[in-house]
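Engineer:
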Amino acid sequence: MAVHRCGSLLRYAALLLVLCAAVGGQGRFKGFRSSGSSGSFTGGRDTGEGTGSEEQWFTQRLDHFNGADSREWKQRYFVNEAFSRPGGPVFLMIGGEGPTNPAWMHNGTWLTYAQKLGALCLMLEHRFYGKSHPTACGARGTNITIKLLCGVMADASLGDPYARYAAVKFKVRTFHRSSDPASCGRQWVYQTCTEFGFYQSTDSPNQPFTGFPLEYHVKQCSDFFNISGDELLAAVSQTNEFYGGFSLVSSRIVLPNGSVDPWHALGVTRDLGPELPAVFIKGTAHCANMYPASSEDLPQLALARDHIFLLLQRWLKQ
1 MAVHRCGSLL RYAALLLVLC AAVGGQGRFK GFRSSGSSGS FTGGRDTGEG TGSEEQWFTQ
61 RLDHFNGADS REWKQRYFVN EAFSRPGGPV FLMIGGEGPT NPAWMHNGTW LTYAQKLGAL
121 CLMLEHRFYG KSHPTACGAR GTNITIKLLC GVMADASLGD PYARYAAVKF KVRTFHRSSD
181 PASCGRQWVY QTCTEFGFYQ STDSPNQPFT GFPLEYHVKQ CSDFFNISGD ELLAAVSQTN
241 EFYGGFSLVS SRIVLPNGSV DPWHALGVTR DLGPELPAVF IKGTAHCANM YPASSEDLPQ
301 LALARDHIFL LLQRWLKQ
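Quick note on numbering: the sequence shown equals residues 1 to 318 in the numbering used here.
1) Taking the alpha carbon of residue 184 as the point to measure from, which residue in 300, 96, 80 and 302 has its own alpha carbon closest?
2) What three-state label does DSSP hand residue 229 in the structure shown?
3) The alpha helix (DSSP H) with residue 301 in it runs from where to where?
4) Per DSSP, which one or two residues make a beta bridge with residue 74?
5) Below 8 Å on the Cβ atoms is my guess for residue 109 versus residue 290; work out the distance and round it to an integer in Å.
6) I need the boundaries of the beta strand (DSSP E) containing residue 114, first residue and last residue.
7) What first and last residue would you give for the alpha helix (DSSP H) that runs through residue 185?
8) Does the Cβ of residue 198 lie closer than 7 Å to at least one heavy atom of the ligand MG?
9) Could you have a look at residue 221 and say whether DSSP puts it in helix, strand or coil?
10) Are any of the Cβ atoms in chain B nearer than 8 Å to that of residue 165?
11) Work out the CA separation of residue 247 and residue 224 for me, nearest whole Å.
12) Classify residue 241 as buried or exposed, calling it buried when 16 or more other Cβ atoms lie within 10 Å of its own Cβ.
13) Considering residue 257, what are the terminal residues of the beta strand (DSSP E) in which it resides?
14) Based on Cα-Cα distance, which residue from 92, 106 and 76 lies nearest to residue 98?
15) Assign residue 82 to one of two classes, buried (16 or more other C-beta atoms within 10 Å of its C-beta) or exposed (fewer than that).
16) By Cβ distance below 6 Å, which residues in the same chain neighbour residue 275 in space, the five residues on each side in sequence not counted?
17) In three-state terms, what does DSSP make of residue 268?
18) If residue 258 and residue 286 are in contact, beta carbons under 8 Å, what's the gap, nearest whole angstrom?
19) Leaving out five residues before and five after residue 115 in sequence, what residues of the same chain have Cβ atoms less than 7 Å from its Cβ?
20) Which of helix, strand or coil does DSSP assign to residue 124?
21) Could you check if residue 262 is buried or exposed, using at least 16 other CB atoms within 10 Å of its CB as the buried criterion?
22) By the three-class DSSP mapping on this structure, what secondary structure does residue 249 have?
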């Protein structure tokens with residue numbers, strides 16, 4: 001679908017359904033529940049033609065807040081128009097902290113909603129993740145230099161050069177065969193240091209784990225980006241002030257969380273007002289309400305999906 005058609009359709013009510021990571025193949029995050037080594041998805045369905053598995057690109061401004069900055073770049077997005085009807089709404093999924101997974105374009109609860117409401121579905125990749133790079137990446141040449149590698153190869157205490165090279169090559173190759181590289185790790189750590197905090201630590205005495213105090217994460221900010229603990233606290237305070245924190249002032253936003261999700265402590269789990277309802281789902285984990293429905297779903301999860309759909313219906317009629 002051409003970009004100019006998207007522009008004409010955006011006059012309809014665009015619903016920002018999710019701000020959640022949909023990252024496949026990474027250790028810290030899960031996309032869809034997979035079955036077997038092939039990574040096939042369960043609980044979804046192929047909606048036929050126009051399901052948006054083909055990546056598309058549009059010209060994006062680099063800086064939306066500086067009128068004097070005319071620089072542009074190409075941002076990746078996906079489109080599913082299988083259910084789109086004239087006058088229907090537009091559903092926009094904003095990708096999370098990793099490469100955008102096109103599987104979301106033919107699987108997931110939002111497509112069930114789209115089919116019922118005749119919605120056009122768009123998914124936008126988060127800038128600086130996946131293939132959406134506003135600026136050139138200089139990290140590879142910065143962290144591992146020829147001088148550094150030559151120093152390692154010349155260090156006789158580490159064994160003969162060939163043995164050192166063979167050992168490193170074998171370990172790296174074996175590691176990548178069994179686990180995908182952390183393709184978004186550095187960007188995400190930078191965002192936690194400059195915007196969110198968002199750390200899960202073992203400081204609390206009410207849990208059995210050890211070894212990851214809050215100071216560990218704070219030190220990463222200092223070691224990686226020369227960002228101090230005070231600067232981190234100031235950045236988190238600024239983010240909460242800008243977006244509202246637990247005192248959000250807005251309307252027609254639904255805020256789902258799961259009780260088993262470790263991050264729900266930083267989410268809104270109680271209604272902030274009639275037009276800011278929280279949906280707290282006991283017994284479910286991260287993004288559970290987004291995944292395709294399954295016969296194994298808890299009853300409260302099914303009820304939560306239905307409740308969210310009723311809210312969307314009501315708001316679209318307003």
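Cβ coordinates follow ideal geometry from the N, Cα and C atoms, glycine included. Note that the structure is predicted; figures quoted are calculated from it, not measured.
Structural biologist: Quick answer:
1) Check the Cα spacing between residue 184 and each of 300, 96, 80 and 302: the tightest is with 96.
2) Of the three classes helix, strand and coil, the one that applies to residue 229 here is helix, per DSSP.
3) 299-317
4) 59
5) Taking C-beta atoms under 8 Å as the contact rule, residue 109 and residue 290 qualify, at a distance of about 6 Å.
6) Where residue 114 is concerned, there is no enclosing beta strand (DSSP E), although the alpha helix (DSSP H) it sits in stretches over 109-117.
7) 185-191
8) Summarising the ligand content, the structure contains no ligands, and the ligand MG is consequently not present.
9) It is helical.
10) In the structure shown, chain B does not exist; there is a single protein chain.
11) 32 Å
12) exposed
13) 255-258
14) 76
15) buried
16) Result list for residue 275: 251 and 252, in chain order.
17) coil
18) 7 Å
19) 83
20) strand
21) exposed
22) coil
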